[in-house]
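Input: a single structure, listed below in structure tokens.
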Amino acid sequence: MTDPVQKQFAAETKAVGNRRVKAVVSTENVDRDRDIIRAAGIDLSFFKTSPTVLFNHDPNFPIARAVEIGVEGNKLVSTFEFPPEGTSAKADEIYGLVKAGILNSTSIGFIPRSWEPIRGAEGHTVGREYKAVELLEFSVVSVPSNRQAQVIERAFRKENGLDEEGNGDAAPVEPSDEEKVRAKGRLPLSRARLNLAKLRGQHPAH
Numbered sequence: 015m016t017d018p019v020q021k022q023f024a025a026e027t028k029a030v031g032n033r034r035v036k037a038v039v040s041t042e043n044v045d046r047d048r049d050i051i052r053a054a055g056i057d058l059s060f061f062k063t064s065p066t067v068l069f070n071h072d073p074n075f076p077i078a079r080a081v082e083i084g085v086e087g088n089k090l091v092s093t094f095e096f097p098p099e100g101t102s103a104k105a106d107e108i109y110g111l112v113k114a115g116i117l118n119s120t121s122i123g124f125i126p127r128s129w130e131p132i133r134g135a136e137g138h139t140v141g142r143e144y145k146a147v148e149l150l151e152f153s154v155v156s157v158p159s160n161r162q163a164q165v166i167e168r169a170f171r172k173e174n175g176l177d178e179e180g181n182g183d184a185a186p187v188e189p190s191d192e193e194k195v196r197a198k199g200r201l202p203l204s205r206a207r208l209n210l211a212k213l214r215g216q217h218p219a220h
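Its first residue numbered 15, the sequence shown is counted upward by one per residue in the numbering used here.
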């Protein structure tokens, strides 16, 4: 069995309506692992059977639901909606942190279906170009791997839903060495298999 892979993407956060956030969740830019995911090869079939957005890839920590997802050019873009305030204290907390710009990264979990090695100047393999992948889930996370992915259109509505204010000019923060290590993108195999087993157990693939 091919092990699941996770790729994390930097983001500047913002909401596009009442409890909704729009994000670029994957791009074709080379990430810190020197890998590329081709947007046209992302299969959304499995994800659409239960488009739940997680926090830190934890199947026991759902926070939102993707109401729209699709490829736009060379990017995978999604609009996801948090539940009404008071439904989940966990979701309320994460939404507040996203809205404040504290959490501003996304990460996709996928099964590689087809890939080719990326060669360096001397012919050595330095990364992978993923031609086809099956999207399992995506999460709001804290550590980025690809800085080109963004949570876009930071315009938060006030509680009455009438007014908007822009707040999208925050400069990216250089991660620490420890964060760079944590951003490698692949979980230990036991954790990856556990997450996949939980997901598959809840929503069998067709």
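Quick reminder that beta carbons are idealized off the backbone N, C-alpha and C, glycines included.
> Buried or exposed: which applies to residue 63, given that a residue is buried once 16 or more other Cβ atoms fall within 10 Å of its Cβ?
Replying inline: Along the sequence shown, one-based indexing puts residue 63 at 49. By the neighbour-count rule (16 or more Cβ atoms within 10 Å), residue 63 is not buried but exposed.
> So residue 56 packs on residue 154, CB below 8 Å; how close in whole Å?
Replying inline: Mapped onto the sequence shown, residue 56 falls at position 42. Mapped onto the sequence shown, residue 154 falls at position 140. Going by Cβ atoms, the distance from residue 56 to residue 154 rounds to 19 Å, so no, they are not a contact pair.
>> Using the Cβ count rule (16 or more neighbours within 10 Å means buried), how would you classify residue 138?
In response: As a working mapping, residue 138 is identified with position 124 in the sequence shown. Exposed, because fewer than 16 other Cβ atoms sit within 10 Å of the Cβ of residue 138.
>> Below 8 Å, how does it come out for the stretch 93 to 111 and the stretch 119 to 134: are there three or more Cβ pairs, yes or no?
In response: Judged by Cβ distances under 8 Å, the stretch 93 to 111 makes no contact with the stretch 119 to 134, as fewer than three pairs qualify.
>> Does residue 59 pass the burial test, meaning 16 or more other C-beta atoms within 10 Å, or should it be called exposed?
In response: Counting from 1 along the sequence shown, the entry for residue 59 is found at position 45. Residue 59 comes out exposed.
> Who are the near neighbours of residue 117 in its chain, counting only those whose CB is closer than 8 Å to its CB and skipping five residues on each side?
Replying inline: Residue numbering aside, residue 117 sits at position 103 when the sequence shown is read from its first letter. Excluding positions up to five away in sequence, the list reads 27, 108, 111, 154, 155, 156.
>> Per the DSSP calculation, residue 46 is bridged to which residue(s)?
In response: Walking along the sequence shown from the start, residue 46 turns up at place 32. BP columns for residue 46 are empty, so no partner.
> Around the Cβ of residue 33, are there at least 16 other Cβ atoms within 10 angstroms (buried) or fewer (exposed)?
Replying inline: Reading the sequence shown from its first residue, position 19 is the one you call residue 33. Flag for residue 33 reads buried.
>> Per DSSP, what are the beta-bridge partners of residue 89 in this structure?
In response: The residue given as residue 89 occupies position 75 in the sequence shown. In the DSSP output, where bridge partners are listed per residue, residue 89 has 41, 86.
> In this structure, what does DSSP give as the bridge partners for residue 131?
Replying inline: Here the question's residue 131 lines up with position 117 in the sequence shown. Paired residue(s): 142.
> Along the chain, where does the alpha helix (DSSP H) that runs through residue 63 open and close?
Replying inline: Position 49 of the sequence shown, counted from the start, is the residue given in the question as residue 63. From DSSP, the alpha helix (DSSP H) with residue 63 extends over 59 to 63.
> Going straight from the alpha carbon of residue 82 to that of residue 45, what length do you get?
Replying inline: Counting from one through the sequence shown, the residue named residue 82 turns up at place 68. Counting from one through the sequence shown, the residue named residue 45 turns up at place 31. So the two alpha carbons sit approximately 25 Å from each other.
>> If you reduce the DSSP assignment to three classes, tell me which class residue 116 lands in.
In response: To locate residue 116, count along the sequence shown from 1; it is residue 102. Three-state DSSP puts residue 116 in coil, outside helix and strand.
> Does the beta-carbon distance from residue 40 to residue 125 come in below 9 Å?
Replying inline: Looking up residue 40 in the sequence shown gives position 26. Looking up residue 125 in the sequence shown gives position 111. Contact: no.
> Can you tell me the Cα-Cα spacing of residue 76 and residue 85, whole angstroms?
Replying inline: In the sequence shown, the residue the question calls residue 76 occupies position 62. In the sequence shown, the residue the question calls residue 85 occupies position 71. Whole-angstrom Cα-Cα distance: 23 Å.
> Apart from the five residues on each side of it in sequence, which residues of its chain come closer than 7 Å, Cβ to Cβ, to residue 78?
Replying inline: Taking the first residue of the sequence shown as 1, we reach residue 78 at position 64. Once the five neighbours on either side are set aside, the close Cβ partners of residue 78 are 67, 94, 95, 96, 105.
> Are residue 80 and residue 98 closer than 9 Å when you measure CB to CB?
Replying inline: Counting from 1 along the sequence shown, the entry for residue 80 is found at position 66. Counting from 1 along the sequence shown, the entry for residue 98 is found at position 84. Contact: no.
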